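Below is one structure, written out as structure tokens; the observations come after it.
2 protein chains.
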Amino acid sequence: MFIERMMNYLERIHLETIRAVDCHGTMTAAAEALHLTQSALSHSMRKLEDQLGVPLWHREGRSLRPTQAGEYLLATAKRLLPQFAHAEERLAQFARGERGTLRIGMECHPCYQWLQKITPPYLRDWPTVDFEVKQEFQFGGIGALFAHEIDLLVTPDPLRKKSLHFEPVFDYEQVLVVSADHPLAQKTHVVPRQLGDEVLFTYPVSQDRLDIYNRFLAPAGRTVRKQKVVETTDMMLQMVACGRGVGALPRWLVEEFSEKYAVRPVRLGPNGVQKQIFVGVRRTDLEVDYINAFLELARGFRERSEEQAPS
Amino acid sequence: MFIERMMNYLERIHLETIRAVDCHGTMTAAAEALHLTQSALSHSMRKLEDQLGVPLWHREGRSLRPTQAGEYLLATAKRLLPQFAHAEERLAQFARGERGTLRIGMECHPCYQWLQKITPPYLRDWPTVDFEVKQEFQFGGIGALFAHEIDLLVTPDPLRKKSLHFEPVFDYEQVLVVSADHPLAQKTHVVPRQLGDEVLFTYPVSQDRLDIYNRFLAPAGRTVRKQKVVETTDMMLQMVACGRGVGALPRWLVEEFSEKYAVRPVRLGPNGVQKQIFVGVRRTDLEVDYINAFLELARGFRERSEEQAPS
DNA sequence: TTAATCGATGAGCTATGTTCATCGAAAGAA
DNA sequence: TTCTTTCGATGAACATAGCTCATCGATTAA
């Protein structure tokens, strides 16, 4: 048809506008947020609509409702704009002579507690690296890695893909935690049936992500009397210590808290429930020094803890 | 420091420039490719460098070598620009009243052969939907799904993630294919040892993705006399038919070709090697009619083939 | 040496995107 | 109902961001 088809109609400002209208409700409010006049946005978007040949909003009365095309562009904006923002942020860090930002994603509570041990020495070694920790992902941790939302994922579920690199960084045993004067506290281990009359405290995550179900109760076809959700580890241990129920935590965590709270770890089943935490990165990022340094540090930690407890 | 920190320095044109310079070697050539003058690019990029406070290229003599910041921005450009292009393409389709483009990714050869069966009826039902099939992914099929490079992934390896939806669409048996006058052609099944003196033809993919190794030879600790790579199914069957070696293919494919070539399927091991192919989509795309329609069609195909061969 | 080609730069122009002023329509308040 | 406010659309006027042109010095190949 036309010789010149390679015109770039779509610009960042259009995406900014689409998103601002969605988020502020009206075009006028969006204009204010973008430090422009309502007229400017109106002209600009009308021009875009003309060039694309498709309306982006249904004009109903004095309100704007996105068309199908508008919805699509909105989704695109919400995906692309944060990447622009992050790129600018990153370049600003280059300008300041800093190394960058290490954005860490986490998918489980033990991951978080492990991370809290790694963080201090890392921050000391890399004072110019910014540190961000995120826990909620629209498309899951793996998706966040691929989408460059995060640079590093701490997770119990590794994924073999040649573009990603996963590496175990921490091994631990998941144990039952009971009050010190609980009858089970004296046992070498507990079997699923013995939890039939207990209240179980868990973190607020879906049941299929709780190892005590996956690896202990469910295989035996057992369940507990009642499950109650607690937000924090301290809260869980408080409730357990005063005999209101039992919980499931990494052994090292229980032992660490056993002075503060009167709680004891009990092995889950005769062999225990062994777990591993992995760190995943994009393979292309393995060359980035401050990312690689984090992995090195994690490896060092792992070796040290294995020496202490060669089990 | 400054009140106004929310300036958007980085624009699409800058990314275009960075990429064009990388791909054409010089700024002058890049300018021509972008239908601009060399002067325009020079001014524009210098302004950006000033605003960001970071040089993007080392100026060495009359050539440009990207700085670390430049490399980073180049990687960003290569990731973001295709998404701009695709968004414009998609909006142009909206303008033409078309539904969109179904971009399918594939991770294995049997996937491709299955797809060839689904494609004709789909194209008939959805004449306004464009159809694209890709086979190479920088970050793997799952990564391509997350990065919106493709809309649909056909793969033997599903992945449980709540943002993705995987669904089995095709079950088949992987069999050994031999010449009709090969001694093994008369057997009900073959055991790993019997392939010790054979030449094995395979597609050009890494060994750990070949089921005949993963599920048949490797578990028995056996191997073949020699492995040879062929590019196409026809080529493989030609070589097999004239007794130059053996191959591994889905049973239905062998049976389909058994009239054209003098080849026979032989079960791998007493129980055979059973395989499944899955289709994965982003969960948010399940509402898109022409994507959902593909899944429906795939389901229909699966039910029909199960009726034919209830095994 | 010569000639070609690179990127940088300043001056000047043009066209793009902005503001201003104003409109009609819609929605909320009295 | 009527009055008032607030929405988005529009045309004209304007300002400036971004482009071209012309030219420079430096580098590289012939």
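Here the protein sequences line up with chains A and B, keeping their order.
Position 229 of the first sequence, counting from 1, maps to 224 under the numbering used here, and the rest follow consecutively.
Position 103 of the second sequence, counting from 1, maps to 98 under the numbering used here, and the rest follow consecutively.
Glycine included, every Cβ here is placed at the ideal spot set by N, Cα and C.
Computed from a predicted model, the values in this text were never measured in an experiment.
For residue i, the first and last residue of its enclosing alpha helix (DSSP H)
i, result
"methionine 230(B)", "228 to 236"
"arginine 14(A)", "7 to 19"
"alanine 40(A)", "The amino acid at residue 40(A) is misidentified as alanine; the sequence shows methionine. Looking at the DSSP string, the run of the alpha helix (DSSP H) that includes methionine 40(A) is 33 to 47."
"valine 274(A)", "Element bounds for valine 274(A): not the alpha helix (DSSP H) but the beta strand (DSSP E), 268 to 277."
"aspartate 313(A)", "Nothing can be reported for residue 313(A): it is not among the residues displayed for chain A, which extend from -4 to 306."
"valine 249(A)", "246 to 252"
"glutamate 27(B)", "22 to 28"
"leucine 281(A)", "From DSSP, leucine 281(A) is part of no alpha helix (DSSP H); its letter is neither H nor E."
"glutamine 108(A)", "104 to 120"
"leucine 140(A)", "135 to 141"
Contacting residues, own chain, Cβ-Cβ under 7 Å from residue i (five flanking each side not counted)
i, result
"glycine 312(B)", "This structure leaves residue 312(B) out entirely; chain B is present only between -4 and 306."
"methionine 231(B)", "Phe196, Val225, Gly242"
"tryptophan 247(B)", "Tyr167"
"tyrosine 107(A)", "Met101"
"isoleucine 113(B)", "Leu292, Ala293, Phe296"
"glutamate 193(B)", "Val219, Arg220, Gly240, Val241"
"methionine 234(B)", "Phe196, Val225, Gly240"
Residues near residue i in its chain [Cβ-Cβ closer than 6 Å; skip 5 each side]
i, result
"valine 16(A)", "Met22, Ala25"
"glutamine 88(B)", "Gly95"
"leucine 148(A)", "Gly100, Gly136, Leu140, Gly275"
"arginine 0(A)", "Bear in mind that the predicted position of arginine 0(A) carries a pLDDT of just 46, short of 50, making it unreliable; the figure below should be weighed with that in mind. Excluding positions up to five away in sequence, the list is empty."
"glutamine 189(A)", "none"
"isoleucine 207(B)", "Ala243"
"valine 128(B)", "Ile99"
8 Å Cβ shell around residue i - same chain, five flanking residues per side excluded
i, result
"leucine 10(B)", "Leu68, Thr71, Ala72, Leu75, Leu76"
"phenylalanine 79(A)", "Arg7"
"tyrosine 4(B)", "Leu43, Gln46, Leu47"
"glutamate 251(A)", "none"
"alanine 288(A)", "Tyr117, Asp120, Trp121"
"glutamate 298(A)", "none"
"proline 245(A)", "Pro105, Gln108, Tyr167, Glu168, Gln169, Val170, Lys270"
"valine 268(B)", "Glu168, Gln169, Val170, Asp206, Ile207, Arg210, Phe211"
Per-residue contacts from residue i into chain B (C-beta, under 8 Å)
i, result
"alanine 142(A)", "Phe141, Ala142"
"leucine 68(A)", "Ala82, Leu86"
"phenylalanine 211(A)", "Near phenylalanine 211(A) there are no residues of chain B at all, since even the closest Cβ is about 20 Å away, more than 8 Å."
"phenylalanine 161(A)", "Within 8 Å Cβ-Cβ: nothing; phenylalanine 161(A) doesn't reach chain B, min ~13 Å."
Contact list for residue i against chain A, beta-carbon separation under 8 Å
i, result
"glutamine 78(B)", "Thr71, Arg74, Leu75"
"glutamine 63(B)", "Phe89"
N-terminal and C-terminal residue of the beta strand (DSSP E) that residue i is part of
i, result
"threonine 96(A)", "95 to 101"
"leucine 159(B)", "159 to 174"
"proline 61(B)", "58 to 61"
"threonine 197(A)", "194 to 197"
"proline 317(A)", "The structure shown does not extend to residue 317(A), since chain A spans only -4 to 306, so no value can be given for it."
"lysine 223(B)", "221 to 224"
"tryptophan 52(A)", "52 to 55"
"leucine 148(A)", "147 to 150"
Listed by chain order, chain B residues near residue i by CB distance under 9 Å
i, result
"asparagine 3(A)", "Arg7, Ile8, Glu11, Phe79, Ala80, Glu83"
Cβ-heavy atom distance, residue i to the ligand MN, below 7 Å
i, result
"lysine 255(B)", "Inclusion of the ligand MN in the displayed structure is not the case, the ligand content being empty and no account of it being possible."
Exercise. Of all the residues that make up the stretch 36 to 53 of chain A, which are near chain B by a beta-carbon distance shorter than 8 Å?
Worked result: Leu47, Gly48, Val49
For this session: May I ask you to list, following chain order, the residues of the stretch 253 to 280 of chain A that have a beta carbon less than 7 Å from some beta carbon of chain B?
Result: none
Exercise. Is there contact between the stretch 250 to 264 of chain B and the stretch 165 to 182 of chain B, where contact requires at least three CB pairs shorter than 8 Å?
Worked result: yes
Problem set entry | Meets three-Cβ-pair contact criterion under 8 Å: the stretch 116 to 125 of chain B and the stretch 88 to 98 of chain B | yes
Problem set entry | At least three beta-carbon pairs within less than 8 Å, the stretch 216 to 225 of chain B to the stretch 159 to 173 of chain B | no
For this session: Evaluate the contact criterion for the stretch 268 to 275 of chain B versus the stretch 145 to 164 of chain B: three or more CB pairs, one atom per stretch, below 8 Å.
Result: yes
Exercise. Going along the stretch 232 to 245 of chain A in order, which residues come within less than 7 Å of chain B, judged by CB to CB distance?
Worked result: none
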